[in-house]
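Structure first, commentary second.
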Amino acid sequence: MQQPESPDLSRILTPILARHGSDSTQLLQVLRDVQDACHYIPADAIDQIAAHLGVPRVTVEGVAGFYSFLSTQPVGQYRLLFSDNITDQMLGKDELLQYLCNKLWVEQGRVSEDGLVSMDNTSCTGMCDQGPAALINGWPLTNLDHNRLDLIAELIRSQKPVAEWPPMLFEVADNIRRTDTLLGEPCVPGTAIKQTLARGARETLAEMDKSNLRGRGGAGFKTASKWSFCHAAIAEEEGSVICDIGGRPERFIVCNADEGEPGTFKDRVLLNSYADLVFEGMTLGAHVVGASKGFLYLRGEYRYLLKKLEGVLKRRREAGLLGNDILGHAGFSFDIEIHLGAGAYICGEESALIESLEGKQGRPRNRPPFPVTHGYKGRPTVVDNAETFACSARIAEKGGAWFAAMGTPQSTGTKLLSVSGDVARPGIYEYPFGVTVRQILDDCGAEEPFAVQISGPSGTMVSWKEFDRKIAFEDLPTAGAFMVFKRKRDLFLTARNFAHFFAHESCGFCTPCRVGTQLQKKIMDKIYGGHGTICDMEELKRLGHILKSMSHCGLGSSAANPMLDAMEKFPDVFERKLKALAFEPAFDLDGALETARKITGRDDEWAHL
Amino acid sequence: MSKTLTIDGRSIPFKDGQTIMDAALAADVYIPHLCHNPEFKPHGSCKLCTVKVNGRNVASCTMPAVEGQQVLSDTLELNDERLSLTQMLFVEGNHICPSCEKSGNCQLQAVAYYLGMMSPNYNHFYPQREVDASHPDILLDRNRCIYCELCVRASRDVDGKHVFGLSGRGIETTLIVNSASGLLGDTNLAATDKATRVCPTGALLKKRQGFTVPIGQRIFDHHTIKDVQLGGEHE
Numbered sequence: 058m059q060q061p062e063s064p065d066l067s068r069i070l071t072p073i074l075a076r077h078g079s080d081s082t083q084l085l086q087v088l089r090d091v092q093d094a095c096h097y098i099p100a101d102a103i104d105q106i107a108a109h110l111g112v113p114r115v116t117v118e119g120v121a122g123f124y125s126f127l128s129t130q131p132v133g134q135y136r137l138l139f140s141d142n143i144t145d146q147m148l149g150k151d152e153l154l155q156y157l158c159n160k161l162w163v164e165q166g167r168v169s170e171d172g173l174v175s176m177d178n179t180s181c182t183g184m185c186d187q188g189p190a191a192l193i194n195g196w197p198l199t200n201l202d203h204n205r206l207d208l209i210a211e212l213i214r215s216q217k218p219v220a221e222w223p224p225m226l227f228e229v230a231d232n233i234r235r236t237d238t239l240l241g242e243p244c245v246p247g248t249a250i251k252q253t254l255a256r257g258a259r260e261t262l263a264e265m266d267k268s269n270l271r272g273r274g275g276a277g278f279k280t281a282s283k284w285s286f287c288h289a290a291i292a293e294e295e296g297s298v299i300c301d302i303g304g305r306p307e308r309f310i311v312c313n314a315d316e317g318e319p320g321t322f323k324d325r326v327l328l329n330s331y332a333d334l335v336f337e338g339m340t341l342g343a344h345v346v347g348a349s350k351g352f353l354y355l356r357g358e359y360r361y362l363l364k365k366l367e368g369v370l371k372r373r374r375e376a377g378l379l380g381n382d383i384l385g386h387a388g389f390s391f392d393i394e395i396h397l398g399a400g401a402y403i404c405g406e407e408s409a410l411i412e413s414l415e416g417k418q419g420r421p422r423n424r425p426p427f428p429v430t431h432g433y434k435g436r437p438t439v440v441d442n443a444e445t446f447a448c449s450a451r452i453a454e455k456g457g458a459w460f461a462a463m464g465t466p467q468s469t470g471t472k473l474l475s476v477s478g479d480v481a482r483p484g485i486y487e488y489p490f491g492v493t494v495r496q497i498l499d500d501c502g503a504e505e506p507f508a509v510q511i512s513g514p515s516g517t518m519v520s521w522k523e524f525d526r527k528i529a530f531e532d533l534p535t536a537g538a539f540m541v542f543k544r545k546r547d548l549f550l551t552a553r554n555f556a557h558f559f560a561h562e563s564c565g566f567c568t569p570c571r572v573g574t575q576l577q578k579k580i581m582d583k584i585y586g587g588h589g590t591i592c593d594m595e596e597l598k599r600l601g602h603i604l605k606s607m608s609h610c611g612l613g614s615s616a617a618n619p620m621l622d623a624m625e626k627f628p629d630v631f632e633r634k635l636k637a638l639a640f641e642p643a644f645d646l647d648g649a650l651e652t653a654r655k656i657t658g659r660d661d662e663w664a665h666l
Numbered sequence: 204m205s206k207t208l209t210i211d212g213r214s215i216p217f218k219d220g221q222t223i224m225d226a227a228l229a230a231d232v233y234i235p236h237l238c239h240n241p242e243f244k245p246h247g248s249c250k251l252c253t254v255k256v257n258g259r260n261v262a263s264c265t266m267p268a269v270e271g272q273q274v275l276s277d278t279l280e281l282n283d284e285r286l287s288l289t290q291m292l293f294v295e296g297n298h299i300c301p302s303c304e305k306s307g308n309c310q311l312q313a314v315a316y317y318l319g320m321m322s323p324n325y326n327h328f329y330p331q332r333e334v335d336a337s338h339p340d341i342l343l344d345r346n347r348c349i350y351c352e353l354c355v356r357a358s359r360d361v362d363g364k365h366v367f368g369l370s371g372r373g374i375e376t377t378l379i380v381n382s383a384s385g386l387l388g389d390t391n392l393a394a395t396d397k398a399t400r401v402c403p404t405g406a407l408l409k410k411r412q413g414f415t416v417p418i419g420q421r422i423f424d425h426h427t428i429k430d431v432q433l434g435g436e437h438e
């Protein structure tokens with residue numbers, strides 16, 4: 058492909074490089090800015106960035122190639138990425154994408170001839186309660202319909218800068234439908250930190266322990282244990298101890314706000330309207346483990362929140378809640394920096410997130426060692442979900458016993474659920490743990506519910522027979538996604554959508570996931586195309602076993618869940634699509650002639666087999 | 204007193220800091236592997252060396268050996284899973300053994316022999332990958348790359364050059380080289396570099412060496428990969 062005339066690179070690069078400094082951990086942030094400015098990462102920019110950060114060229118090119126929002130080939134001046142979650146599809150996304158492609162004379166996955174516009178799919182953008190959604194040059198568009206697309210097409214044709222587009226296109230509502238103790242009360246900045254300082258670090262950890270708070274990312278590891286492991290960790294570097302037990306400053310607090318699990322959008326709301334609660338939790342966590350630096354890893358899709366969050370951090374610094382000697386407590390220094398992701402679901406895995414924070418490709422590390430002892434830059438690091446930090450703040454305010462009294466004994470407190478799909482009132486619902494699926498379905502106005510995908514593609518699909526099961530670590534653990542499917546939905550399409558999602562998001566590090574997720578996708582497409590047999594279902598089961606048992610991380614080991622669940626709970630949705638044959642070649646002879654037919658312009662009887 | 208773990212019921216001594224793989228190789232126990240080479244920092248990506256430790260699957264090349272670990276390796280189930288992974292490696296690339304100069308010396312092929320692979324089982328992906336013949340002494344054929352990153356590690360850790368790296372994600376992962384043109388000939392790779400000798404497949408080949416050893420007289424024509432690697436040979 059012919060590359061357009063290289064823009065005056067140094068004019069663009071100089072301020073970006075100056076802004077980010079020369080630390081190689083800034084690589085991803087630098088590349089994001091270059092992509093914004095140039096609509097791709099030019100080859101010359103790679104050389105200059107490499108020289109500036111003092112890293113090899115391959116490293117820069119490797120990172121540029123890893124993240125979906127970065128590209129080494131030009132994308133359109135207006136880059137539209139449609140959220141491709143199953144909920145967006147159910148709201149008519151495929152037809153809308155095609156409609157806009159036709160209007161703007163561009164093919165999906167291509168850049169228009171004049172370089173003005175490119176259009177493609179992207180993984181769930183976290184707007185399932187107000188879809189179909191898309192991103193225009195990284196900014197979220199919600200509630201898309203034909204009228205809005207007509208307007209968008211007009212804005213693009215007239216080359217109006219995105220910053221000047223009507224604000225109503227970018228409106229993102231919180232849609233909080235049910236609150237409990239976490240969202241029910243406003244957060245008065247500083248309350249939890251004051252309590253923590255009054256109580257002392259040791260006592261605060263004891264309260265955390267008493268609360269039995271477990272990680273809200275879905276895995277459910279006990280937060281107090283993680284914090285005490287980090288506090289107790291001793292980091293060594295080249296033989297010398299650089300971090301004593303409980304000593305400062307070489308410990309880190311990281312907030313995982315990379316909620317990429319399709320169907321999950323609770324962190325979006327937490328960070329939009331309860332950011333103080335999250336930062337409060339991070340700060341008191343820092344006091345407990347002895348950290349002086351924190352990071353908020355914000356998924357690229359939520360960049361629209363960045364300015365607001367920077368504002369909250371600034372306000373907190375001015376109020377003495379961040380910075381040196383917090384609230385006058387001598388020696389308690391902590392500050393938070395926000396890092397943006399760039400379109401990679403895998404970065405929600407904590408060790409991949411740390412790699413990404415270090416400016417690298419988001420590939421999960423080998424474990425052990427775990428991040429609590431060897432995390433960011435090899436130092437003890439706590440990585441917790443945004444909701445976990447928010448809960449910590451409430452626990453510091455009101456005590457562990459208060460928290461432990463809610464929910465069930467094994468799953469204390471409340472849980473934020475992101476409800477979407479076939480419901481009358483999609484949005485955020487906060488419930489004490491132990492709530493039944495049926496209760497939630499009643500409250501959100503589910504329409505003839507038939508199945509619910511709990512915790513997204515990597516979670517569990519429950520059928521209508523299981524609606525009395527409970528949201529809890531001991532029954533249905535969840536990171537928050539709750540996607541509802543009504544009776545007439547074809548659940549095969551749901552499973553196929555998830556198979557495509559995992560194939561797209563596999564980082565490619567380990568064999569089983571890199572190849573296995575592709576094989577799954579190909580088999581699902583084969584069945585979808587009407588060429589499936591019972592053998593293909595058997596192969597899916599075998600692949601599922603290999604993915605579960607051999608994968609490097611949770612992405613691979615959960616990538617078969619949608620297929621295995623659907624085959625077990627709704628076998629007829631597969632069987633309806635199968636050919637009655639025992640064997641059917643995956644290779645479609647007639648289909649292979651399609652290119653020849655296109656070239657010759659023939660479609661007569663003799664041009665077919 | 205040295206510590207011990209057991210592999211398939213056999214007691215194996217180990218020293219602190221060793222992985223299960225280190226302990227196994229030292230005790231002449233073969234665990235199939237491709238991305239591991241004892242000369243380099245363990246990587247853990249091919250997953251062929253997966254073993255069962257106290258009921259959980261782990262990569263033996265990266266898992267630290269621990270006193271009393273009960274390791275299962277040479278089991279029907281694990282060998283079956285290793286076979287599937289090997290088949291996956293074959294179908295995701297373009298491995299045409301009969302026309303490959305590395306045939307007979309190729310570790311991927313040898314592992315497939317060892318695990319009794321009789322067919323690829325899965326449909327071939329037939330990916331479009333680039334061949335790079337720009338370097339005067341070394342041929343880079345990406346069709347045969349299995350992303351073990353041995354060349355990446357060797358160039359970085361031994362040669363101190365960073366000639367190789369991986370870019371892309373998932374199935375789009377590609378081996379890239381350290382030059383603006385993207386060509387190997389424009390890098391500072393030397394024919395004597397360690398990175399040129401560590402490829403387990405035929406992705407990196409020395410030029411002008413075609414069939415100096417005839418088919419039938421090559422390493423794995425006469426020895427299993429088990430014997431060769433337990434003999435300390437990984438190149």
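These protein sequence lines map, in sequence, to chains A and B.
Position 339 of the first sequence, counted from 1, bears residue number 396 in the working numbering, the numbering being contiguous throughout.
Position 123 of the second sequence, counted from 1, bears residue number 326 in the working numbering, the numbering being contiguous throughout.
Note that CB positions come from ideal geometry on N, CA and C, so glycine has one too.
Short check: CB of residue 189 of chain B to CB of residue 397 of chain B, under 7 Å? This structure leaves residue 189 of chain B out entirely; chain B is present only between 204 and 438.
Going by the DSSP bridge assignment, what does residue 484 of chain A pair with across the sheet? Note: residue 484 of chain A is bridge-paired with A:476 in the DSSP secondary-structure output.
Quick check on the DSSP output: the beta strand (DSSP E) that includes residue 262 of chain B runs from which residue to which? 259 to 262
How many Å lie between residue 253 of chain B and residue 531 of chain A at the Cα? 29 Å
Problem - Positions along the segment 363 to 389 of chain B whose CB lies within less than 9 Å of some CB in chain A - result: 364, 365, 366, 367, 368, 369, 370, 371, 372, 373, 374, 375, 376, 377, 379, 380, 381, 382, 383, 384 and 385
Query raised in the report: Is residue 566 of chain A closer than 7 Å to residue 542 of chain A when the C-beta atoms are compared?
Result: no
Q: State the Cα-Cα distance for the pair residue 350 of chain A and residue 511 of chain A, rounded to the nearest angstrom.
A: 34 Å
- Query: Beta carbon of residue 564 of chain A, beta carbon of residue 403 of chain A: below 7 Å?
  - Reply: yes
Review point. Where DSSP assigns a beta bridge to residue 442 of chain A, which residues make up the other side?
Key: Residue pairing by DSSP places residue 442 of chain A opposite A:313 in a beta bridge.
Unbroken stretches of the beta strand (DSSP E), 3 residues or longer, contained in the segment 484 to 571 of chain A:
484 to 489, 506 to 511, 517 to 520 and 538 to 543
Answer yes or no: do residue 321 of chain A and residue 475 of chain A have a C-beta to C-beta separation smaller than 7 Å?
yes
Margin query: From the DSSP secondary-structure annotation, give me the bridge partner or partners of residue 352 of chain A.
Written below: In the DSSP output, where bridge partners are listed per residue, residue 352 of chain A has A:311 and A:394.
Starting from the beta carbon of residue 167 of chain A, find every residue of chain B whose beta carbon is closer than 8 Å, and list them in chain order.
Under the 8 Å cutoff, chain B gives no residues; its nearest Cβ is about 17 Å from residue 167 of chain A.
| message | One question on the structure: do residue 192 of chain A and residue 226 of chain A come within less than 7 Å of each other, judged by their Cβ atoms? | response | Against a cut-off of 7 Å, the Cβ pair of residue 226 of chain A and residue 192 of chain A comes out as no contact.
Q: Measure the alpha-carbon distance for residue 375 of chain A versus residue 344 of chain A and round it to whole angstroms.
A: 19 Å
**Request:** Name, please, each residue of chain A whose Cβ falls closer than 8 Å to the Cβ of residue 250 of chain B.
**Result:** 567, 568, 569, 607, 608 and 609
Quiz item: Just checking my contact of residue 437 of chain B with residue 308 of chain B at CB under 8 Å: how many whole Å lie between their CB atoms?
Solution: Not a contact, Cβ separation roughly 12 Å.
Notebook entry, point to check: Using a C-beta cutoff of 7 Å, does residue 404 of chain B count as contacting chain C?
Noted result: Considering every chain present, this structure includes no chain C. Its protein chains are A and B.
Burial state of residue 263 of chain B (16 or more Cβ within 10 Å): Classification for residue 263 of chain B: buried.
Closer than 8 Å is the cut-off here; do at least three beta carbon pairs connect the segment 325 to 333 of chain A with the segment 238 to 248 of chain A? yes
In chain B, what lies closer than 8 Å to residue 561 of chain A by C-beta? Result: 373.
### Which of helix, strand or coil DSSP assigns to residue 380 of chain B
Residue 380 of chain B falls in the strand class under three-state DSSP.
- Is it right to say residue 285 of chain A is buried, meaning 16 or more other beta carbons lie within 10 angstroms of its own, or is it exposed? That one is buried.
Among the candidates A:412, A:633, A:658 and A:425, whose CA atom is the shortest distance from the CA of residue 247 of chain B? A:425
**Report entry** Residue span of the alpha helix (DSSP H) that contains residue 293 of chain B, given as start and end
**Finding:** 279 to 295
- By a C-beta neighbour count over all protein chains shown, 10 Å radius and 16 as the cutoff for buried, is residue 659 of chain A buried or exposed? exposed
Problem - 8 Å contact criterion, which residue 410 of chain A and residue 440 of chain A should meet: CB distance rounded - result: 6 Å
Task: CB contact check: residue 114 of chain A to chain B, cutoff 7 Å - done: yes
Check your understanding: Using 8 Å as the threshold, is the segment 271 to 286 of chain B in touch with the segment 363 to 374 of chain B, meaning 3 or more CB pairs across them?
Key -> no
Worksheet entry | Integer Cβ distance of residue 132 of chain A from residue 290 of chain A, believed to fall under 8 Å | Not confirmed; about 43 Å, so no contact.
Practice item. Please say whether residue 320 of chain B and residue 286 of chain B have beta carbons closer to each other than 7 Å? Key: Against a cut-off of 7 Å, the Cβ pair of residue 320 of chain B and residue 286 of chain B comes out as a contact.
Could you spell out the range, first to last residue, of the alpha helix (DSSP H) harbouring residue 618 of chain A? 618 to 626
**Asked** Using CA coordinates, which residue listed in A:591, A:148, A:174 and A:150 is at the minimum distance from residue 210 of chain A?
**Response** A:174
Q. Can you find a CB in chain B that lies within less than 7 Å of the CB of residue 576 of chain A?
A. Yes, its Cβ sits closer than 7 Å to a Cβ of chain B.
query = If you check the beta carbons only, do residue 461 of chain A and residue 269 of chain A fall under 7 Å apart?
reply = yes
Next on the checklist: Comparing C-alpha positions only, which one of A:420, A:419, A:398 and A:438 sits nearest to residue 427 of chain A?
Outcome noted: Of the listed residues, the one whose Cα sits closest to residue 427 of chain A is A:438.
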